[in-house]
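Just so we're aligned, residue 60 is where the sequence shown starts under our numbering, counting upward by one. Glycine included, each C-beta is placed from N, C-alpha and C at the ideal position. Report on the structure given below.
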Amino acid sequence: MNLSLRTDRELLRTESRSTRYLMVSVTAPTAEARASRVPVHVALVLDRSGSMDGERKFALAREAVEQSLAMLRPEDRFTLVVYDTEVDVLSSDVQASAEATRAALRKLAAVGPRGGTDLHAGWVAGVAPLAARLADDVVSRVLLITDGLANAGITEHPALVAQAAEFRRCGVATSTFGVGADFDERLLRDIAHEGGGNFYFIETPAQIRDLLTSELGEALEVTVRGAALELVLPAGCEATPLNHLRHSRSASHEGIRVELGDLVSGQELTTVIRLRFASGTPGSTASANVRVVDRDEGTLHGAESVSWRYAPHADNDEQPRDRVVDREVATLYAARARAEATEANRDGDLARAREIIERTVRRIRSYAGRDAALKSIWRALQDEIGQYAEHVMSAMAIKSSFFVAESAAKGRDSSGKARRG
Numbered sequence: 060m061n062l063s064l065r066t067d068r069e070l071l072r073t074e075s076r077s078t079r080y081l082m083v084s085v086t087a088p089t090a091e092a093r094a095s096r097v098p099v100h101v102a103l104v105l106d107r108s109g110s111m112d113g114e115r116k117f118a119l120a121r122e123a124v125e126q127s128l129a130m131l132r133p134e135d136r137f138t139l140v141v142y143d144t145e146v147d148v149l150s151s152d153v154q155a156s157a158e159a160t161r162a163a164l165r166k167l168a169a170v171g172p173r174g175g176t177d178l179h180a181g182w183v184a185g186v187a188p189l190a191a192r193l194a195d196d197v198v199s200r201v202l203l204i205t206d207g208l209a210n211a212g213i214t215e216h217p218a219l220v221a222q223a224a225e226f227r228r229c230g231v232a233t234s235t236f237g238v239g240a241d242f243d244e245r246l247l248r249d250i251a252h253e254g255g256g257n258f259y260f261i262e263t264p265a266q267i268r269d270l271l272t273s274e275l276g277e278a279l280e281v282t283v284r285g286a287a288l289e290l291v292l293p294a295g296c297e298a299t300p301l302n303h304l305r306h307s308r309s310a311s312h313e314g315i316r317v318e319l320g321d322l323v324s325g326q327e328l329t330t331v332i333r334l335r336f337a338s339g340t341p342g343s344t345a346s347a348n349v350r351v352v353d354r355d356e357g358t359l360h361g362a363e364s365v366s367w368r369y370a371p372h373a374d375n376d377e378q379p380r381d382r383v384v385d386r387e388v389a390t391l392y393a394a395r396a397r398a399e400a401t402e403a404n405r406d407g408d409l410a411r412a413r414e415i416i417e418r419t420v421r422r423i424r425s426y427a428g429r430d431a432a433l434k435s436i437w438r439a440l441q442d443e444i445g446q447y448a449e450h451v452m453s454a455m456a457i458k459s460s461f462f463v464a465e466s467a468a469k470g471r472d473s474s475g476k477a478r479r480g
């Protein structure tokens with residue numbers, strides 16, 4: 060496990076509060092460094108509602124399931140569920156033997172799209188076998204696929220998101236896949252966020268196989284389970300991650316805990332923490348200590364530290380900036396602006412969408428100077444104002460914009476996959 064820290068500026072103001080950004084970069088150990096991987100228990104939960112009949116969506120989902128099951132080893136286990144307004148469990152908590160895989164695929168071949176969408180019931184049917192066989196040395200994950208709105212059973216957004224958090228606390232993560240233009244991207248994003256998994260937008264049915272197998276492949280290559288950053292900060296220092304990551308204040312010391320989730324072989328994840336320091340005495344210092352822990356609170360990397368020094372206003376105004384940190388900060392603020400502007404556009408508030416983008420452009424320009432990369436970030440955002448503020452976007456454009464922005468805020472690439480070295 061590698062851990063490195065950088066800050067945008069090293070001086071703090073003596074007579075007023077200071078905002079500084081701490082960039083924390085983590086690289087997970089590679090799978091080659093381990094003797095063997097932990098077993099994976101996976102539930103594949105497929106929407107078979109009537110809308111999945113179009114564009115061969117369900118047929119392509121079948122193919123994706125076949126390829127996914129072929130990736131498993133005999134020590135892995137799988138559950139296969141299909142749902143509309145009714146739920147059918149085709150295979151429940153079976154070892155991933157060749158015989159069990161063939162039997163599951165035969166049953167799936169006989170299933171066709173029909174009916175409505177009881178997402179909650181199908182999801183719970185997938186979680187139940189995994190929850191009944193939890194173990195410290197197992198990765199348990201549900202892959203939930205839908206192309207529509209939850210319109211039967213429990214459909215309320217807060218209830219479904221709370222359920223995802225409860226499943227995560229029990230040890231079962233949920234990743235979500237939204238297909239096409241009709242699903243609720245905010246719901247699937249929030250289920251994955253609180254559920255400890257990942258959210259994917261499948262723009263065309265042909266992408267189903269690639270993204271489903273990619274997510275399962277990540278589960279098969281987990282090298283750190285439940286990773287988290289623990290930051291110890293000076294008294295009075297306020298901390299907020301710019302990334303869209305779960306976080307909480309520490310109960311034992313000044314600071315916060317930022318949940319990184321499961322990390323896959325060689326994954327590179329950069330997190331930026333916005334810090335607000337109180338004023339201080341000239342020449343005194345303030346320090347932050349950061350360590351990486353896993354879900355069992357084992358320390359994966361001992362504490363690294365970074366310090367700032369209090370100095371007069373003039374010295375602060377003239378101090379150099381770390382442009383690597385500035386670029387990461389700008390990228391995250393731009394991603395946040397795109398996500399918020401997309402939501403404003405969805406709500407028909409074009410004026411608000413414009414204000415969000417223009418405000419963020421001004422923010423980045425204020426410190427970009429002559430840096431070419433920073434100029435490129437704010438100019439690209441400025442060029443997109445018309446996209447968000449001149450007309451209501453199509454459903455597909457909204458989903459695409461929202462997904463790309465959310466992936467950036469999670470430290471993942473534009474297709475939602477983990478970044479690796």
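| query | Which whole-angstrom value is the C-beta distance of residue 163 and residue 128, which I expect to be below 8 Å? | reply | Counting from one through the sequence shown, the residue named residue 163 turns up at place 104. Counting from one through the sequence shown, the residue named residue 128 turns up at place 69. Right, their Cβ atoms sit about 7 Å apart.
>> Check for me: the alpha helix (DSSP H) holding residue 404 runs from which residue to which?
In response: Residue 404 sits at position 345 when you count from the first residue of the sequence shown. Taken as a continuous stretch (DSSP letters only), the alpha helix (DSSP H) holding residue 404 covers 382-405.
Check: Near residue 432, what residues of its chain come up, given a Cβ to Cβ distance below 6 Å and the 5 sequence neighbours on each side ignored?
Finding: Translated into the one-based positions of the sequence shown, residue 432 becomes position 373. If we look at residue 432 and ignore the five residues flanking it on each side, its Cβ neighbours are 386.
With a Cβ-Cβ cutoff of 8 Å, do residue 333 and residue 78 count as a contact?
-> Here residue 333 refers to the residue found at position 274 when the sequence shown is read from its first residue. Here residue 78 refers to the residue found at position 19 when the sequence shown is read from its first residue. Going by C-beta atoms, residue 333 is nearer than 8 Å to residue 78.
For residue 371, is the classification buried or exposed, using 16 other Cβ atoms within 10 angstroms of its Cβ as the cut-off for buried? Position 312 of the sequence shown, counted from the first residue, corresponds to residue 371. The residue is exposed, with fewer than 16 neighbouring Cβ atoms inside 10 Å.
query: Is the region 134-149 touching the region 103-115, taking contact as three or more C-beta pairs under 8 Å?
result: yes
Any idea what DSSP makes of residue 375, helix, strand or coil? Numbered from 1 along the sequence shown, position 316 holds the residue referred to as residue 375. Correct three-state label for residue 375: helix.
Coil, strand or helix - residue 111 by DSSP:
As a first step, residue 111 must be located in the sequence shown, where it is residue number 52. If DSSP states are grouped into helix, strand and coil, residue 111 belongs with the helices.
- Rank 436, 289, 300, 447 by C-alpha distance to the C-alpha of residue 309 and give the top, closest one. By 1-based counting over the sequence shown, the position of residue 309 is 250. Cα-wise, what sits closest to residue 309 is 289.
Rounded separation between residue 404 and residue 417 - CA only
The residue you call residue 404 lines up with position 345 of the sequence shown. The residue you call residue 417 lines up with position 358 of the sequence shown. Answer to the nearest angstrom: the Cα atoms are 14 Å apart.
What residues in its chain sit with their C-beta under 6 Å from that of residue 216, if we drop five residues either side in the sequence? Within the sequence shown, numbered from 1, the residue matching residue 216 stands at position 157. Excluding residues within five positions, the ones whose Cβ falls inside 6 Å are 246.
- Query: For the beta strand (DSSP E) that residue 511 lies in, which residues bound it at each end?
  - Reply: With the chain covering only 60 through 480, there is no way to say anything about residue 511.
> So who's on the other strand from residue 196, going by DSSP bridges?
Replying inline: In the sequence shown, the residue the question calls residue 196 occupies position 137. DSSP lists no partner for residue 196.
Find out if the Cβ-Cβ distance for the pair residue 473, residue 466 is shorter than 8 Å.
-> Counting from 1 along the sequence shown, the entry for residue 473 is found at position 414. Counting from 1 along the sequence shown, the entry for residue 466 is found at position 407. Contact flag set, yes.
Supposed close pair residue 345, residue 364 - CB separation, criterion 8 Å: Here the question's residue 345 lines up with position 286 in the sequence shown. Here the question's residue 364 lines up with position 305 in the sequence shown. In fact, because the Cβ distance is near 11 Å, the residues do not count as touching under 8 Å.
Measure the C-alpha to C-alpha separation of residue 443 and residue 64 and round it to an integer number of angstroms. By one-based count along the sequence shown, residue 443 stands at place 384. By one-based count along the sequence shown, residue 64 stands at place 5. Taking the straight line from one Cα to the other gives about 32 Å.
Range covered by the alpha helix (DSSP H) that runs through residue 274: Translated into positions along the sequence shown, residue 274 becomes position 215. Note, residue 274: alpha helix (DSSP H), 267-279.
Q | Where the beta strand (DSSP E) containing residue 236 begins and where it ends | A | By one-based count along the sequence shown, residue 236 stands at place 177. Its beta strand (DSSP E) spans residues 232-238.
Next on the checklist: Comparing C-alpha positions only, which one of 193, 113, 119, 455 sits nearest to residue 98?
Outcome noted: In the sequence shown, residue 98 corresponds to position 39, counting from 1. Answer by Cα proximity: 193.
Enclosing alpha helix (DSSP H) for residue 188 [first to last residue]:
Residue numbering aside, residue 188 sits at position 129 when the sequence shown is read from its first letter. Segment 178-190, the alpha helix (DSSP H) holding residue 188.
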